[in-house]
Ligand code: ADP
Ligand code: MG
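In structure tokens:
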């Protein structure tokens, strides 16, 4: 089992940001309204994630670390739904296989919480402990037992950047969750959890961007696009300002980027890229999910139609007279 987990971990854990992604998504699944993430050395030596979610009952802690024991995929149909993309009950076992992991968790119903330590997939200790409601993960020394993979990690600065990008996208897709992110003790991100996307944009991008937003809500052919566009006065020299989410999940899509940029063409200078936070709401059936779960790329079944809808929705909005 330990070896299988170590191999499985190779599939799902590439870098500190992969771990942060899984643990934060678990926290959100657990109903957390507040998630605090701290990393040291880009997350290589330490990742600490604290949430105020439902916690894990003492008697379920061990099994949460067993591979596939909590698979959300009940049927083949589930695989069709983009929202099911994930590690399907492999995250905790994979993380534990390649790190030194400590978990402190308590449910509201329990008097005492649980402290669980597991290193390289081997249980070190499990005991009762006083703890606040919710869950804290401490994940230390990524790939300490897989030197071949440790070699592929980039500098702490680069890895920290990946974590920050990820958290920025998670914050933008979960305005209802208050996020705090610290890197080596320095606060890098803080959102209020107000539930308003605009507030998150303010927290992430600052006042200049937040003061130049155009809201959008456009629907056509079963595809709904909501969120914010930047006024043509705010642009960047690259695509880093473009954020797309499909059914709540951050994605990269050269096709959507192209469509967005084409819609802005008449309004911005050459080689300038617009600001956008766009959420796409679409039936799972319209998306191909035969992509690796850790990849952020995805394909719509009708790419051309999506291109047209994005172009139309954005272009029309930019033409509206009050802008
Ligand atoms: P999955 O999320 O696919 O079920 P994971 O390995 O990520 O698989 O997590 C295993 C289980 O551990 C979850 O199903 C959940 O019951 C529990 N769990 C993990 N993280 C948390 C958390 N932060 N709060 C409450 N429960 C959690
Ligand atoms: Mg999970």
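In UniProt numbering, the protein residues as written are 9 to 331. For glycine and all other residues, C-beta sits at the position ideal for the given N, C-alpha and C.
Using only the heavy atoms of the ligand ADP, determine whether one of them is closer than 6 angstroms to the beta carbon of residue i.
i           : result
residue 134 : no
residue 17  : no
residue 59  : yes
residue 64  : yes
residue 129 : no
residue 97  : yes
residue 116 : no
residue 186 : no
residue 122 : no
residue 72  : yes
residue 109 : no
residue 25  : no
residue 143 : yes
residue 38  : yes
Going by the DSSP bridge assignment, what does residue i pair with across the sheet?
i           : result
residue 165 : Beta-bridge pairing links residue 165 to no other residue.
residue 186 : 42
residue 252 : 259, 286
residue 108 : 127, 148
residue 3   : Outside the displayed span of the chain (9 to 331) sits residue 3, for which this structure offers no information.
residue 195 : 190
residue 296 : 307
residue 58  : 44, 144
residue 221 : 238
residue 317 : Per DSSP, none; premise fails for residue 317.
residue 11  : According to DSSP, which records beta bridges pairwise, residue 11 is partnered with nothing at all.
residue 121 : 137
If you count every other CB in all the chains shown that lies within 10 Å of the CB of residue i, and 16 or more means buried, which is it?
i           : result
residue 120 : exposed
residue 60  : buried
residue 329 : exposed
residue 279 : exposed
residue 230 : exposed
residue 219 : exposed
residue 2   : Any question about residue 2 goes unanswered here, given that the chain covers just 9 to 331.
residue 29  : buried
residue 58  : buried
residue 102 : buried
residue 11  : exposed
residue 93  : At residue 93, the pLDDT of 46 sits below 50, so the modelled position is not reliable and the matter cannot be decided from this model.
residue 193 : exposed
residue 155 : exposed
residue 99  : buried
residue 104 : buried
residue 172 : buried
residue 266 : exposed
residue 319 : buried
residue 24  : buried
residue 204 : exposed
residue 32  : buried
residue 245 : exposed
residue 174 : buried
residue 324 : exposed
With residue i and residue j assumed to form a contact (beta carbons below 8 angstroms), what rounded beta-carbon distance in angstroms separates them?
i           : j           : result
residue 148 : residue 54  : 5 angstroms
residue 240 : residue 208 : In fact, because the Cβ distance is near 22 angstroms, the residues do not count as touching under 8 angstroms.
residue 258 : residue 177 : 4 angstroms
residue 307 : residue 296 : 4 angstroms
residue 224 : residue 238 : Not really, about 11 angstroms apart at Cβ, beyond 8 angstroms.
residue 143 : residue 123 : Contact doesn't hold; Cβ gap of about 11 angstroms is too wide.
residue 51  : residue 165 : Actually they are not in contact, since the Cβ atoms of residue 51 and residue 165 sit about 11 angstroms apart, beyond 8 angstroms.
residue 322 : residue 290 : Between residue 290 and residue 322 the Cβ distance is about 16 angstroms, and since that is not below 8 angstroms, they are no contact.
residue 139 : residue 113 : 7 angstroms
residue 106 : residue 14  : 6 angstroms
residue 233 : residue 286 : 6 angstroms
residue 115 : residue 62  : 6 angstroms
Fill in: Beta carbon nearer than 5 angstroms to a non-hydrogen atom of the ligand MG
A Cβ closer than 5 angstroms to some heavy atom of the ligand MG marks a residue here, and those residues are 34, 99.
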